[in-house]
Amino acid sequence: MWFRRDLRLRDHPALRESASAGPVLGLFVIDPGLWRSAGPARRAWLAASLRSLDESIDGRLCVRLGRPSSVVPRLAHEVGAGQVHVTNDFTPYGRARDRAVVEALPEGVEGVATGTPYAVAPGSVLNGSGQPYKVFTPFSRAWRSHGWDDPEPAPRGVEWVSLGSDQRVAAMLDKALDEAPAGMPTPGEDAAQRRWKSFLDRDLDDYASMRDDPGADRTSRLSAYLKLGVVHPRQLLADTAEERSQGATTFESELAWRDFYADVLHTNPRSAWDDLHPVAGLTYDEPADAIEAWKSGHTGFPIVDAGMRQLLSEGWMHNRVRMITASFLTKDLHVWWPVGARHFLDHLVDGDLASNNHGWQWVAGTGTDAAPYFRVFNPVTQGLKFDKAGDYVRRWIPELAHLPGKSAHEPWDADDGYAHGYPKRIIDHAEERQVALDRYQRGRD
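Following my numbering, the numbering of the sequence shown begins with 269 at its first residue and continues without gaps.
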């Protein structure tokens, strides 16, 4: 059983297939290229999640370092495997990697792909013409109509094969854990289930009205677990099916967005790092100092800086604030979205290529939304609207902790707003908003 983005035992179709065929070697392969490009937060989260999975199978998870097309066939030969089981991967890299592995398997060893990391596998939801959807709303309706399987319990009596530990890999994982962000979630399948049950009991009913308030922090915080398949969306949807609140419906829509972006990437592989819908004449800037101010949380716009500092500290950022910070980089600083998308992937424990990069394009105006470029988030009014009490800003910006209530969003209006070293605004939002709109209009002409 070659684990990838499915680090769990419950509701795991590929594992059930593997266990039904005989003794199972549980394998995870650390690809050196992916490891280097992941950033400390994602490396730490992967390391913690692997350690948790290893504990759940009594220390018998085999973790190896190397190219999967070399490691997987070699180990299949070493243990005399008849099959290599995986969960289907739908990313451009994953599909190419899996083809290379299957081609390299020893003669007589079969590659078996079962299941999907998503509620509905990419490529399964098509419109009346048999084509993939390009807009979310009709996709979400068809997604609900398509439906998904019920979750199943973990297979019983799995006979795990043990190959012993690789000390070099163990040292890598130890080092990654030493660099973990302070607010990293508790790893593991049981922790994910506890988090989910707590959210169901406390926050689901109010999710629709409270999810945009970063100060209240009433989101599920399950994105990191979903990223590595520590929990499957089927498991969540099985529980929300019994909850007919608006909050439950809204939460299900967020899972539909995850599936939609995976479908878009599956259909348009180049959109991983290029505009899904390019604007031919649109120009961009590369203001190094301003980009650094954005990355470090020193733009002088409190809600933006709070979000960027949360990212650096916790390896996570509230979703509403992700949109605000992305809009600031792309619309106020006029920077092409891959710069921000890469920074997010470097630091997010839930960094997912499809969701992250297509979310950035949605904000930037070159993605799936029909007319999004004209939407330019005002970072001040967004802060006042969604962090009304200023709690989120004060938590992450100690220089503004002395400002009460909503005044934390407008330190320039307070006599002592800059008394503790908070920086002045690096741009004039009204001016840069107009520049963004003018550039987009020229690009369309």
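Glycine included, C-beta positions come from ideal geometry on N, C-alpha and C.
Are Trp562 and Leu504 touching if we call contact CB-CB under 8 Å? no
For His353, the first and last residue of its enclosing beta strand (DSSP E): 351-354
What is the DSSP secondary structure of Arg342, counted as helix, strand or coil? helix
May I have the straight-line CA-CA distance separating Gly425 from Thr598, to the nearest angstrom? 53 Å
Would a C-beta distance cut-off of 8 Å place Asp681 and Gly483 closer than the cut-off? no
Rounded to the nearest angstrom, how far is the Cβ of Asp418 from that of Ala312, given a contact under 8 Å? 33 Å between Cβ atoms; not a contact.
Close-in-space but distant-in-sequence residues of the same chain around Trp628 (CB under 7 Å, 5 per side omitted): Ala594, Trp605, Gly608, Ala609
Which class does Gly456 belong to by DSSP, given the choice of helix, strand or coil? coil
I'd like the list of long-range same chain contacts for Glu420, defined as Cβ closer than 6 Å, with 5 residues on each side in sequence excluded. Asp279
I need the straight-line Cα distance from Phe642 to Ala460, nearest angstrom please. 38 Å
How is Arg273 classed by DSSP in three states: helix, strand or coil? coil
Could you give the uninterrupted runs of the alpha helix (DSSP H) lying entirely in the region 627-708, keeping only those of 4 residues or more? 647-654, 659-664
Per-residue DSSP class, three states only, for Glu510: coil
Please classify Ser288 as buried or exposed, where buried requires at least 16 other C-beta atoms within 10 Å of its C-beta. exposed
When the Cα of Ile559 is compared with those of Arg590, Glu582, Asp600, which residue comes out closest? Asp600
Look up Ile592 in the DSSP assignment and say whether it is helix, strand or coil. helix
Have a look at Ala540 and Asp531 and give me their C-alpha separation to the nearest angstrom. 12 Å
Count the C-beta pairs between the region 302-318 and the region 399-411 that are closer than 8 Å, then say yes if the count reaches three, no if not. no
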